[in-house]
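**Student:** Sequence positions in the sequence shown follow the numbering used here and run 729 to 835.
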Amino acid sequence: MGEALGDLTLNPVWSQDPDAGVSHGTDNAELRVQIDALDHLTCVWASPYGGSDTGIITTVVWVTLEQTVAVEARLVANGLECFTQSEGRRCIIRTTRQTALSVSPTF
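#1: Are Thr754 and Thr787 closer than 9 Å when you measure CB to CB?
#2: Would you mind stating whether Val797 and Gln762 have Cβ atoms separated by less than 9 Å?
#3: So the beta strand (DSSP E) Ile784 belongs to, where does it begin and stop?
#4: Run through DSSP, which three-state label would Val772 get?
#5: Given this structure, state the Cα-to-Cα distance separating Leu766 from Val799, to the nearest angstrom.
#6: Taking C-alpha atoms, which residue in Leu769, Tyr777, Asp747, Ile820 lies nearest to Thr737?
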């Protein structure tokens with residue numbers, strides 16, 4: 729797996745800056761508010777030297793059953809595909825190098 733990530737680094741220092749734009753794994757303002765309000769873990773695999781066109785952002789958010797319904801509806805409305813995995817729900821969007829956004833929240 730490490731070879732597949734190449735020169736990417738886990739949580740490089742620059743990615744921890746709130747203005748870096750990678751702290752949530754989404755550009756959706758409503759989802760960012762929900763992520764900030766709930767217990768969560770975000771992992772950023774990115775260049776240690778700053779933003780580039782390659783990286784992986786994973787955000788895991790702990791939610792109640794009621795929050796799950798609302799969050800999943802919001803994710804689906806934004807084009808994500810959701811399915812059951814490992815006793816939870818996973819929502820993903822697949823992108824290519826020509827696409828600017830990739831989100832894979834799991835709840």
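The C-beta atom is built at its ideal place from N, Cα and C for all residues, glycine as well.
**Tutor:** Once the coordinates are examined:
#1: yes
#2: no
#3: 784-789
#4: strand
#5: 12 Å
#6: Tyr777
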